[in-house]
Amino acid sequence: MTKLAELIESELYDFGFNLFGSCKIEDYNNFVDNKYQIKNYKYKNIVLIGSGGRYFWDILQKYISENNFISPDPIDDYTVYALESIQKKYSKFIGNCFYSFKNESLSINFQKLALCTNIGFFSPYLKLILNLEYGSYISLRAAFLTNYSFKRDDGIKKIFCETCDKPCLNVCPVQAVNINNFDLKKCAEYRLEEKDCSNFCHVRRSCILGQEHIYSSQEGFHRSKSSLKIIKEYYDNT
Ligand code: SF4
Ligand code: SF4
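Its first residue numbered 2, the sequence shown is counted upward by one per residue in the numbering used here.
Spelled out as structure tokens, the structure:
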């Protein structure tokens, strides 16, 4: 990793991003379907940035109070603000940026990118990327293209779930998660009743990974409310 890459990473860290992964665009392209592939770009590498645990939320709350930052989607809008600031400052080194929460002409497959950059492994039960340190309490926020080499963690390869006692399979009140399936419809219908799961998912909370990084109830409530809004919009339009 070059000094410049270290500097960019440390500035992104100060903005609240504490998860980084990088791989060659060629390796990512070989890993995803055609529609997610990155074509005709002059860069060699792709860098994934994200957050793990409570760190991002704490930085965001500080930024909100110091700058009177008002937004209906503070997490997303702050992410764009942070990355655009860094891109502007290091425009010679950072190329195209992509966001996991935006509909863009080129869609990056962030889950596959997280696997390719070794940020985590895919849980067949939670249907999420889990990080060995932060468990499911991670957020894959954005990616950018560059010719610089950024950190690559080669330590995460195995699917941890295989050897785990799987407490996650016995805690969902409506058994939406079981060994064979994640019944998204059952989960969504239960959540829409808004009696339970309003600031955390019992299944995620029971996962043995990342226990010490569980979101605060304020953050959990905010994130849960955002995902519930998406579920409601989906049901309203179908
Ligand atoms: S959010 Fe609630 S209903 Fe959905 S999987 Fe988690 S515990 Fe089950
Ligand atoms: S509790 Fe174990 S099996 Fe369940 S998602 Fe977490 S690591 Fe995987």
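Glycine included, every Cβ here is placed at the ideal spot set by N, Cα and C. Predicted, not measured: the structure shown is a model, and the values here were computed from it.
In terms of side-chain proximity, the C-beta atom of Tyr-191 is found nearer than 7 angstroms to a non-hydrogen atom of ligand 1. Ligand 1 approaches His-203 closely enough that one of its heavy atoms is under 7 angstroms from the residue's Cβ. Ranked by Cα distance from Glu-134, the first of Ser-101, Asp-15, Leu-20, Ala-6 is Leu-20. Taken in chain order, the unbroken stretches of alpha helix (DSSP H) that lie wholly in the stretch 147-226 and span 4 residues or more are 185-193, 203-207. Assigned with DSSP and collapsed to three states, Lys-93 falls in coil, not helix or strand. In the DSSP annotation of this structure, Asn-238 is not part of any beta strand (DSSP E), being labelled neither H nor E. Leaving aside the five residues that flank Lys-25 on each side, the residues in its chain whose CB is nearer than 7 angstroms to its CB run, in chain order, Lys-45, Asn-46. A distance criterion of 7 angstroms places the beta-carbon of Cys-188 beyond contact range of ligand 2, judged by its closest non-hydrogen atom.
In this structure, the C-beta of Leu-133 stays at least 7 angstroms away from each heavy atom of ligand 2. Look at the beta carbons and you see the stretch 160-169 touching the stretch 205-217: at least three pairs across the two are nearer than 8 angstroms. In the DSSP assignment, the residues bridged to Ile-47 are Cys-24, Leu-146.
Checking the 7 angstroms criterion, the Cβ of Tyr-126 is within range of a heavy atom belonging to ligand 2. With three or more CB-CB distances shorter than 8 angstroms, the stretch 93-110 counts as touching the stretch 22-37. In the DSSP annotation of this structure, the continuous segment of the alpha helix (DSSP H) that includes Tyr-64 starts and ends at 56-68. Per DSSP, the unbroken alpha helix (DSSP H) holding Tyr-14 starts and ends at 4-15.
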